[in-house]
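Just below is one structure, and these are the notes that go with it.
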RNA sequence: GCGACGUUGGUGCAGUCCGGUUCAGCACGUCGCCCUUUCAAGGCGAAGACCAGCGGUUCAAAUCCGCUACGUCGCACCA
């Protein structure tokens with residue numbers, strides 16, 4: 011196979027959302043699968059939309075998922091520079107060539123004229139598009155404007171008839187009639203290229219072997235094909251990836267909640283779960299596999315398995331997958347990752363908590379709600395919650411008193427099995443179901459009806475605090 | 001308005017390119033049972049789509065063709 015070179019080419023307009031990152035991931039996977047190169051190129055040709063730390067946000071997003079690039083603005087490479095704003099002369103040379111060939115022309119139309127033109131077209135119910143005004147300028151008219159120093163742009167002279175076809179390795183042949191293609195601006199009046207010119211020039215110069223981008227670009231592929239033809243270049247294989255949509259089937263946006271991988275990570279999603287989930291957005295291996303580790307993705311990823319219908323970001327599925335990955339973590343690993351989410355505790359406690367909480371959360375940020383009872387001094391009780399089903403104040407009291415007596419005999423709570431056996435015996439002696447007896451004890455110790463396993467909770471809480479809480483619960487009941 | 005792309009159970013996907021051994025497969029979710037001192041996790045099982053609709057081609061269509069509907073995207077000196 012020829013050298014595979016795939017590029018991810020975002021523009022620095024903010025933290026890339028997961029849909030863009032999914033596109034980056036596909037490029038990364040294809041490059042790694044083939045032993046090719048993954049290239050990062052920054053499309054910073056719009057100064058107006060640029061964000062201060064835009065570049066850093068992009069780099070950080072890729073790093074979070076471990077999508078290491080081989081060439082890029084920070085690491086360089088043989089085809090740099092990798093920021094389009096630093097390649098301006100290249101674009102200018104290429105447009106000059108097109109103009110010389112008669113395949114592009116200068117346009118002196120003002121914003122106002124264009125706006126009026128579009129308004130008129132809209133009013134007439136027509137498709138808005140450039141009206142070829144400057145394409146038909148005579149040599150004298152052109153010279154006149156040059157003399158006046160009028161600002162100008164360069165437009166692509168799209169053939170008025172015929173059609174343009176692109177072979178797409180995801181959608182098959184795509185065809186659009188040239189009459190529906192606008193005379194796109196290639197070079198703006200500030201000397202910067204537009205996307206259309208820049209991608210074609212750079213993809214060619216950087217020897218990109220596979221062009222992958224979101225399918226929202228499909229309508230403009232004729233402009234790119236025409237440019238390749240005008241330059242006399244081979245067109246590399248193109249694939250328009252299905253877009254990532256929110257649950258409402260609309261293009262993903264801030265409205266849908268978290269959108270950057272950093273946000274997801276901060277909400278308690280594991281990066282390996284995120285990677286796995288994103289890979290499945292628009293790609294599938296077969297009809298039954300859901301879980302893929304990075305190495306498997308690299309091994310299994312092929313272009314023919316890319317879907318053509320848009321992919322919907324199914325948060326419920328992400329949650330499930332994340333829980334799956336959390337459960338698979340070793341206790342040590344889990345404790346280390348949980349640490350930032352439970353700042354009020356120490357490493358040893360976290361490690362002890364790991365086996366109890368690991369399989370009870372879908373996201374790391376759910377851990378605090380599960381174990382917060384450990385970090386409070388004393389609990390306030392609503393006596394009613396201490397009295398479970400089929401119980402009354404007297405029986406709850408009896409249960410807690412018996413439990414206290416049993417626990418009091420133990421200097422340490424380390425032997426969970428022994429303590430549990432004794433408490434079970436207490437329940438039986440009182441003629442209670444385990445549910446009733448342990449239910450009362452659970453509320454007394456943890457303050458809630460749902461908690462991690464009781465014996466372990468008491469062990470971690472410690473003898474002193476546990477007994478104090480039971481005592482307080484008893485007095486709360488005695489008050490009734 | 002014009003154009004492009006898409007449309008499989010409640011949800012997300014596979015199967016569609018190379019029509020016929022799949023009375024449409026998997027996962028999430030839901031429900032039931034088991035386990036059980038709670039909640040989870042785990043095990044077992046169940047319900048749920050006739051493949052957007054209509055019309056063609058064919059001995060045979062989710063799979064090919066056409067039309068309609070719906071959805072999304074594009075139509076900037078933005079990417």
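Residue numbers (the numbering used here): 11 to 490. The beta carbon of each residue, even a glycine, is placed where N, CA and C say it ideally should be. Only a predicted model underlies this, so the values are computations on that prediction, with no experimental measurement involved.
Which whole-angstrom value is the C-beta distance of residue i and residue j, which I expect to be below 8 Å?
i: residue 26; j: residue 270; result: 7 Å
i: residue 39; j: residue 311; result: 4 Å
i: residue 396; j: residue 483; result: 6 Å
i: residue 118; j: residue 58; result: No, residue 118 and residue 58 are not in contact; Cβ-Cβ is about 21 Å, not under 8 Å.
i: residue 120; j: residue 128; result: Actually they do not touch by this definition, with Cβ atoms about 13 Å apart.
i: residue 77; j: residue 34; result: 6 Å
i: residue 470; j: residue 384; result: 6 Å
i: residue 166; j: residue 196; result: 5 Å
i: residue 253; j: residue 24; result: Not a contact, Cβ separation roughly 18 Å.
i: residue 198; j: residue 163; result: 6 Å
i: residue 406; j: residue 346; result: Actually they are not in contact, since the Cβ atoms of residue 406 and residue 346 sit about 40 Å apart, beyond 8 Å.
i: residue 323; j: residue 257; result: 7 Å
Helix or strand or just coil, what does DSSP make of residue i?
i: residue 415; result: helix
i: residue 117; result: strand
i: residue 210; result: helix
i: residue 321; result: strand
i: residue 459; result: coil
i: residue 178; result: strand
i: residue 164; result: strand
i: residue 300; result: coil
i: residue 421; result: coil
i: residue 449; result: helix
i: residue 197; result: strand
i: residue 288; result: helix
i: residue 432; result: helix
i: residue 64; result: helix
i: residue 311; result: coil
i: residue 396; result: helix
i: residue 465; result: helix
i: residue 191; result: coil
i: residue 232; result: helix
i: residue 58; result: coil
i: residue 75; result: coil
i: residue 382; result: helix
i: residue 389; result: coil
i: residue 490; result: coil
i: residue 482; result: helix
i: residue 170; result: coil
i: residue 475; result: helix
i: residue 53; result: coil
i: residue 7; result: Outside the shown range of the chain (11 to 490) lies residue 7, about which nothing can therefore be said.
In the DSSP assignment, what are the bridge partners of residue i?
i: residue 220; result: 16
i: residue 250; result: 223
i: residue 293; result: 316
i: residue 183; result: 177
i: residue 438; result: Per DSSP, none; premise fails for residue 438.
i: residue 48; result: 16
i: residue 82; result: 86
i: residue 203; result: 197
### Task
Decide if the stretch 106 to 117 is in contact with the stretch 209 to 220; the criterion is three or more beta carbon pairs, one per stretch, under 8 Å apart.
no
#### Entry: Segments of 3+ residues assigned as beta strand (DSSP E) that fall wholly inside the stretch 14 to 41
15 to 18
### Query
Is the number of C-beta pairs between the stretch 441 to 460 and the stretch 472 to 483 that are closer than 8 Å three or more?
yes
#### Entry: Minimum length 4: unbroken alpha helix (DSSP H) runs contained in the stretch 321 to 372
Uninterrupted alpha helix (DSSP H) stretches at least 4 residues long and entirely within the stretch 321 to 372 occur at 325 to 338, 341 to 348 and 357 to 367, given in chain order.
### Query
Curious, which full-length beta strand (DSSP E) runs of at least 3 residues does the stretch 86 to 148 contain?
114 to 117
### Message
Would the stretch 188 to 199 count as touching the stretch 229 to 242 if we require 3 or more Cβ pairs under 8 Å?
### Response
Contact holds: three or more Cβ-Cβ distances are below 8 Å.
### Query
Pairing CB atoms from the stretch 306 to 324 with CB atoms from the stretch 277 to 297, are three or more of them under 8 Å?
Result yes; three or more Cβ-Cβ pairs closer than 8 Å.
### the stretch 347 to 364 touching the stretch 410 to 427, judged by at least three CB pairs closer than 8 Å
no
#### Entry: Contained beta strand (DSSP E) runs [length at least 3] in the stretch 237 to 283, N- to C-terminal order
248 to 251
### Query
Is the stretch 18 to 25 in contact with the stretch 37 to 53, if contact means three or more CB pairs nearer than 8 Å?
yes
### Query
Does the stretch 179 to 188 come close enough to the stretch 309 to 328 to have 3 or more Cβ pairs within less than 8 Å?
Result yes; three or more Cβ-Cβ pairs closer than 8 Å.
### Three-pair Cβ contact test at 8 Å for the stretch 241 to 251 versus the stretch 203 to 214
The stretch 241 to 251, when compared against the stretch 203 to 214, does touch it at the 8 Å Cβ threshold.
#### Entry: contact_flag[the stretch 405 to 414, the stretch 372 to 383] where n(CB pairs < 8 Å) is 3 or more
no
#### Entry: Three CB pairs or more closer than 8 Å across the stretch 324 to 334 and the stretch 276 to 285
yes
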